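In this note's numbering, the protein residues as written are 147 to 305.
Every residue, glycine too, gets a C-beta built ideally from N, C-alpha and C.
Predicted, not measured: the structure shown is a model, and the values here were computed from it.
Here is the structure we will look at.
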């Protein structure tokens, strides 16, 4: 009889412990979901801001709003979404912890090319917005040819 009572007590304690763990896991999952949802909202705003800059001229060292270089465009766009990024392309790559692969790109992700010497922002459907070079303007391009072959990495800001 004493052994049976001990077994029942142990079972009861185990169930209580499991219930507490489930609650903790549930609240952790909600926090992660909320963080993911917040990142998506910020990314949508950054993409929208970058798209509004289409046609603005490239100017080395420019950070907008009238002209941009590549890192200035993504810094400006993400700043409007409430996310601070460093000014220089390579520093932008290093500062964002969440690295993503070509196959896992989401709108708002920063894409780096030519040894992280150039950056653009993924806008979805195999395209990115960027400020390419002198004499050109902010534009959306397909990610093929040169961009596919010179891709060196991507990061997901805002998370």
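(message) Determine whether the beta carbon atoms of residue 219 and residue 277 lie at a separation below 7 Å.
(response) Reading the chain shown from its first residue, position 73 is the one you call residue 219. Reading the chain shown from its first residue, position 131 is the one you call residue 277. At the C-beta level, residue 219 and residue 277 come within 7 Å of one another.
(request) Give a yes or no on whether the C-beta atoms belonging to residue 267 and residue 300 are separated by under 7 Å. (result) Along the chain shown, one-based indexing puts residue 267 at 121. Along the chain shown, one-based indexing puts residue 300 at 154. Taking the C-beta atoms as reference points, residue 300 is found no nearer than 7 Å to residue 267.
(message) Across the region 221-228 and the region 277-293, are there enough close Cβ pairs to call them in contact, namely three or more that are closer than 8 Å?
(response) With a cut-off of 8 Å, the region 277-293 and the region 221-228 do not count as touching, because too few Cβ pairs lie within range.
(message) Checking the sheet assignment: what are the DSSP bridge partners for residue 286?
(response) For this step, residue 286 is matched to residue 140 along the chain shown. Beta-bridge pairing links residue 286 to 275.
(message) Looking only at its chain, what residues have a beta carbon closer than 6 Å to the beta carbon of residue 302, apart from the 5 residues adjacent to it on each side?
(response) The residue labelled residue 302 in the question sits at position 156 within the chain shown. Around residue 302: 244, 246, 255.
(message) Quick check: what's the CA-CA separation for residue 290 versus residue 187?
(response) Against the chain shown, residue 290 aligns to sequence position 144. Against the chain shown, residue 187 aligns to sequence position 41. Residue 187 has its alpha-carbon roughly 27 Å from the corresponding atom of residue 290.
(message) Can you look up residue 168 in the DSSP assignment and give me helix, strand or coil?
(response) For the purposes of this step, residue 168 is taken as the residue at position 22 of the chain shown. In this prediction, residue 168 scores a pLDDT of 46, lower than 50, which makes its location untrustworthy; no coordinate-derived value is stated.
(message) Assuming the contact rule is C-beta atoms closer than 8 Å, residue 189 and residue 252 should be a hit. Round their C-beta distance to whole Å, please.
(response) Within the chain shown, residue 189 is the residue found at index 43, counting from 1. Within the chain shown, residue 252 is the residue found at index 106, counting from 1. That belief holds up - the Cβ atoms of residue 189 and residue 252 are roughly 7 Å apart, short of 8 Å.
(request) State the Cα-Cα distance for the pair residue 209 and residue 215, rounded to the nearest angstrom. (result) Stepping through the chain shown from its first residue, residue 209 is reached at position 63. Stepping through the chain shown from its first residue, residue 215 is reached at position 69. So the two alpha carbons sit approximately 7 Å from each other.
(request) Could you tell me the boundaries of the alpha helix (DSSP H) in which residue 241 lies? (result) Counting from 1 along the chain shown, the entry for residue 241 is found at position 95. 235-241 is the span of the alpha helix (DSSP H), which, as asked, contains residue 241.
(message) For residue 218, report the span of its alpha helix (DSSP H) as first-last.
(response) Here residue 218 is taken as the residue at index 72 of the chain shown, counted from 1. Counting along the chain, residue 218 sits inside the alpha helix (DSSP H) bounded by residues 216-226.
(message) On a Cα-Cα basis, can you pick out the residue from 234, 240, 274, 249 that is closest to residue 194?
(response) For this step, residue 194 is matched to residue 48 along the chain shown. Nearest C-alpha to residue 194: 274.
(message) In whole angstroms, give me the CA-to-CA distance for residue 191 and residue 226.
(response) On the chain shown, residue 191 is found 45 positions in, with the first residue counted as 1. On the chain shown, residue 226 is found 80 positions in, with the first residue counted as 1. Roughly 7 Å separates the two Cα atoms.
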